[in-house]
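Undergrad: Numbering (UniProt numbering), first residue to last: 1 to 581.
One structure is given below, represented as structure tokens, and several questions about it will come after.
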Amino acid sequence: MKTVFRVFAYVRRYPWMATAMMACAILGTLMVVVFPKVTQVIIDDVRHGRGDRLWPLVLAAAASFFARDLLNALRIVINNAFEQRVIFDLRSDLYAHIQQLPLGWFDNRSTGDIMTRLLEDVQAVERVLIDGIEQGVIAALQIVIVAAMLFFYLPWLTWLALIPVPLMAIGALSYTLTAPNRYRAQRKASSAMNALLHDNLAGIRQIKTYVREREEHARFNAASNDLRNATMNIMRVWAMYNPTMSFIGALGAVLVVGFGGRAVLHGEMSVGDLVAFLWLVSALYEPIGKLHSLNQLLQAGRAAGERVFEILDTPAEPGRVEYDEKIDIAGDVRFQDIGFAYSEELPVLHHIHLHAQPGETVALVGHTGAGKSTLVHLLTRFYEFDTGEVLIDGKPLRDFSKSALRSAVGMVTQESFLFNGSIRDNLRLGKPDATDAELFGVLDAANAREFVDRLPEGLGTVVGERGVKLSVGEKQRISIARALLKDPPILVLDEATASVDNRTEQLIQQALDRLMEGRTCFVIAHRLSTVRHADQILVMDHGRIVERGTHDELLALNGAYAKLHATSFLDPREDAELVTR
């Protein structure tokens with residue numbers, strides 16, 4: 001019930017809407033007792049010489065139905081507005097919290113699973129709000145009001161009518177206690193299928209390239225079958241539970257007919273009383289049956305709510321986040337005895353010392369897995385170092401708010417991510433209020449103006465998901481233009497010239513030279529052309545800096561850097577290429 005109460009906490013944000021909905025529900029439920037009473041009076045009094053009361057009673061019954069349905073219409077309008085506000089708040093809180101979670105959390109979650117929780121699981125919680133709160137409260141009110149009327153009429157017959165209720169309560173308790181595991185399995189299977197679907201859609205080119213359509217179809221069918229089996233397990237239990245509860249509830253009406261009919265035959269009650277009593281009994285068991293259906297929705301909503309609140313309960317990444325905060329820094333960066341591990345079993349960096357003065361370029365080289373990217377990610381606090389200290393302009397890194405720190409660092413990576421929007425939209429990530437003249441200026445500097453002008457709609461051209469409509473080199477130059485627009489004092493280039501041909505590399509390198517001018521730069525690269533002119537080159541191996549110096553100094557050492565230089569990792573033939581550029 002903890003999850004349900006947490007959902008109700010969102011309801012308390014709108015007390016006047018909850019009050020108005022409850023008022024409509026109570027008044028509408030009170031109208032339920034009018035028609036049975038009218039029926040009883042017509043049968044017992046009107047047919048025995050009180051014909052003058054017939055039409056007023058008929059009008060009273062019609063008025064009660066009109067009032068009931070009018071109040072019901074008002075309740076539906078209020079409830080829908082109420083429910084949509086609550087769901088908006090819940091989804092907004094969930095998305096805002098997801099954005100504040102550390103990158104390590106995303107490393108251990110599939111995108112499809114996160115999307116399932118944000119969309120489907122919140123939707124399941126929404127059904128609890130619509131049906132659970134609204135119809136559940138109405139059903140409970142109707143049971144209380146009708147039960148009171150039944151005891152007012154004939155207490156002895158009311159007790160007989162309520163004999164099945166304990167059996168129904170036992171059945172509901174049994175269903176409720178065993179349901180969570182079934183619904184959790186269903187939500188897990190749904191999440192797994194969506195995660196597989198997301199991966200396959202994102203990797204559709206690879207599937208087609210390796211002719212894996214049949215195998216991936218089989219994998220999808222297996223995941224879909226798991227979801228089907230989990231859903232069928234729920235339905236099989238429901239198929240036994242719901243009819244059983246309906247049958248037990250019908251026994252109450254049978255008892256009333258039997259013992260009530262006997263009482264009429266013996267003159268102990270009138271025919272009108274029996275008819276009115278039967279109407280009220282049907283009005284009693286109808287909401288009880290509805291509560292059983294709501295129990296199913298409640299269990300589904302509880303399982304979904306657990307998954308939603310699991311995210312909300314995950315601690316946000318440490319450190320302050322103050323949006324729109326800017327800082328003015330020169331770009332002096334020091335790493336002092338830094339150590340970092342993704343987990344106790346996976347240490348990555350050991351005793352890292354480095355100092356980059358304002359405007360200097362520091363190159364990081366080494367084999368894959370040496371810790372180069374991890375090191376620069378500590379600079380933006382994507383991950384938090386475990387030991388040592390990082391200083392910017394002499395101030396501890398953790399004294400800066402994350403938004404201010406990240407606004408001062410620009411990144412251009414090997415995989416240039418573009419959103420499914422226009423080129424203008426993607427560029428303005430660097431400066432939301434930039435004019436088109438500013439955009440064309442940075443495109444010129446990034447050697448991207450030429451191909452953008454050739455596009456059908458220029459800056460307004462939609463690039464597709466992940467920029468699929470552009471080439472690798474074009475996406476890279478858009479990323480460089482975006483970083484130029486941001487104008488950060490510290491710049492990180494992570495394999496920014498990888499995976500492109502020589503001509504495109506020249507264009508990108510020229511753009512990078514303009515981007516790096518006057519900034520403190522950290523460059524991760526395999527190509528000699530990118531690192532040879534760095535102010536200092538750090539050679540990393542298994543999370544340690546094993547050599548440092550300039551290009552010529554490191555070659556003279558004839559150590560690790562010289563070995564890299566002599567292999568394809570840092571191709572010495574590029575020396576000749578540099579002369580011709």
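Glycine is no exception: its CB is placed at the ideal position from the N, C-alpha and C atoms.
Just so you know, these numbers come straight off a predicted model, no measurement behind them.
(1) Applying the 10 Å Cβ sphere with the 16-neighbour rule, what's the burial state of Tyr175?
(2) So Leu378 and Val390 are supposed to be a Cβ contact under 8 Å. How far apart are they, rounded?
(3) Just verifying my parser: in three-state terms, what is the DSSP assignment at Arg414?
(4) Between the alpha carbons of Glu310 and His97, how many angstroms are there, rounded?
(5) Give me whichever residues DSSP pairs with Ala223 in a beta bridge.
(6) Would Thr387 and Gly339 be called neighbours here (beta carbons separated by less than 7 Å)?
(7) Between the beta-carbon of Leu484 and the beta-carbon of Leu515, is there less than 7 Å?
(8) What first and last residue would you give for the alpha helix (DSSP H) that runs through Asp273?
(9) Should the stretch 107-124 be regarded as contacting the stretch 269-276, the criterion being three or more beta carbon pairs within less than 8 Å?
(10) Using a threshold of 7 Å, state whether the C-beta atoms of Phe382 and Leu27 are closer than that.
(11) Quickly, what does DSSP pair Phe335 with across the bridge? List them, please.
(12) Should Arg187 be labelled buried (16 or more other beta-carbon atoms within 10 Å of its own) or exposed?
(13) Just verifying my parser: in three-state terms, what is the DSSP assignment at Asp89?
(14) What number of angstroms, rounded off, separates the C-alpha of Leu71 from the C-alpha of Asp89?
(15) Quick one, are the C-beta atoms of Leu429 and Arg482 less than 7 Å apart?
(16) Quick check on the DSSP output: the beta strand (DSSP E) that includes Phe419 runs from which residue to which?
(17) Looking only at its own chain, which residues have a Cβ that is under 6 Å from the Cβ of Arg544, when we skip the five neighbours before and after it?
(18) For my contact list, Gly301 and Met245 are in at a C-beta cut-off of 8 Å; report their separation, rounded to the angstrom.
(19) Suppose contacts are defined by Cβ-Cβ distances below 7 Å. Is Ala20 in contact with Ile78 by that definition?
(20) Helix, strand or coil: how does DSSP classify Asp444 here?
(21) My guess is that Ile478 and Asn426 are in contact by the Cβ rule of under 8 Å, so how many angstroms apart are they, rounded?
(22) Among Val472, Thr567, Pro15 and Lys37, whose alpha-carbon lies nearest the alpha-carbon of Glu279?
(23) Do you know how far the Cα of Val32 is from the Cα of Ser64?
TA: To lay it out plainly:
(1) The residue labelled residue 175 in the question sits at position 175 within the sequence shown. Buried.
(2) Locating residue 378 in the sequence shown gives position 378, counting from the first residue. Locating residue 390 in the sequence shown gives position 390, counting from the first residue. Contact flag correct, Cβ pair sits at about 6 Å.
(3) Locating residue 414 in the sequence shown gives position 414, counting from the first residue. Just to set this straight, residue 414 is Gln in the shown sequence, not Arg. If DSSP states are grouped into helix, strand and coil, Gln414 belongs with coil.
(4) Stepping through the sequence shown from its first residue, residue 310 is reached at position 310. Stepping through the sequence shown from its first residue, residue 97 is reached at position 97. The alpha-carbon atoms of Glu310 and His97 are separated by roughly 11 Å.
(5) As a working note, residue 223 is residue 223 in the sequence shown. Paired residues: none, contrary to the question.
(6) Taking the first residue of the sequence shown as 1, we reach residue 387 at position 387. Taking the first residue of the sequence shown as 1, we reach residue 339 at position 339. Yes, the Cβ-Cβ distance between Thr387 and Gly339 is below 7 Å.
(7) As a first step, residue 484 must be located in the sequence shown, where it is residue number 484. As a first step, residue 515 must be located in the sequence shown, where it is residue number 515. For Leu484 and Leu515, yes; Cβs fall inside 7 Å.
(8) Residue mapping note: residue 273 aligns to position 273 of the sequence shown, counting from 1. It spans Val271 to Leu312 - the alpha helix (DSSP H) in which Asp273 sits, taken as one unbroken run.
(9) no
(10) The residue given as residue 382 occupies position 382 in the sequence shown. The residue given as residue 27 occupies position 27 in the sequence shown. Result no, Cβ atoms of Phe382 and Leu27 do not sit closer than 7 Å.
(11) Locating residue 335 in the sequence shown gives position 335, where the first residue counts as 1. In the DSSP output, where bridge partners are listed per residue, Phe335 has Leu354 and Val390.
(12) For the purposes of this step, residue 187 is taken as residue 187 along the sequence shown, with counting starting at 1. With 16 or more other Cβ atoms within 10 Å, it is buried.
(13) To locate residue 89, count along the sequence shown from 1; it is residue 89. Looking at Asp89 - three-state DSSP - the assignment turns out to be helix.
(14) For the purposes of this step, residue 71 is taken as residue 71 along the sequence shown, with counting starting at 1. For the purposes of this step, residue 89 is taken as residue 89 along the sequence shown, with counting starting at 1. Using only the alpha carbons, I get a separation of about 27 Å.
(15) The residue given as residue 429 occupies position 429 in the sequence shown. The residue given as residue 482 occupies position 482 in the sequence shown. Closer than 7 Å, so yes.
(16) The residue labelled residue 419 in the question sits at position 419 within the sequence shown. Run containing Phe419: none; DSSP gives neither H nor E here.
(17) As a first step, residue 544 must be located in the sequence shown, where it is residue number 544. Around Arg544: His350.
(18) As a position in the sequence shown, residue 301 is number 301, starting the count at 1. As a position in the sequence shown, residue 245 is number 245, starting the count at 1. With a Cβ gap of about 20 Å, Gly301 and Met245 do not count as contacting.
(19) As a first step, residue 20 must be located in the sequence shown, where it is residue number 20. As a first step, residue 78 must be located in the sequence shown, where it is residue number 78. The answer is yes: Cβ separation under 7 Å.
(20) Walking along the sequence shown from the start, residue 444 turns up at place 444. Note: Asp444 maps to helix in three-state DSSP.
(21) The count along the sequence shown starts at 1 and reaches residue 478 at position 478. The count along the sequence shown starts at 1 and reaches residue 426 at position 426. 6 Å between Cβ atoms; contact.
(22) As a position in the sequence shown, residue 279 is number 279, starting the count at 1. Per the sequence shown, residue 279 should be read as Trp rather than Glu. Closest by alpha carbon: Lys37.
(23) Along the sequence shown, read from residue 1 onward, the residue named residue 64 stands at position 64. Along the sequence shown, read from residue 1 onward, the residue named residue 32 stands at position 32. Rounded to whole angstroms, Ser64 to Val32 spans 8 Å at the Cα level.
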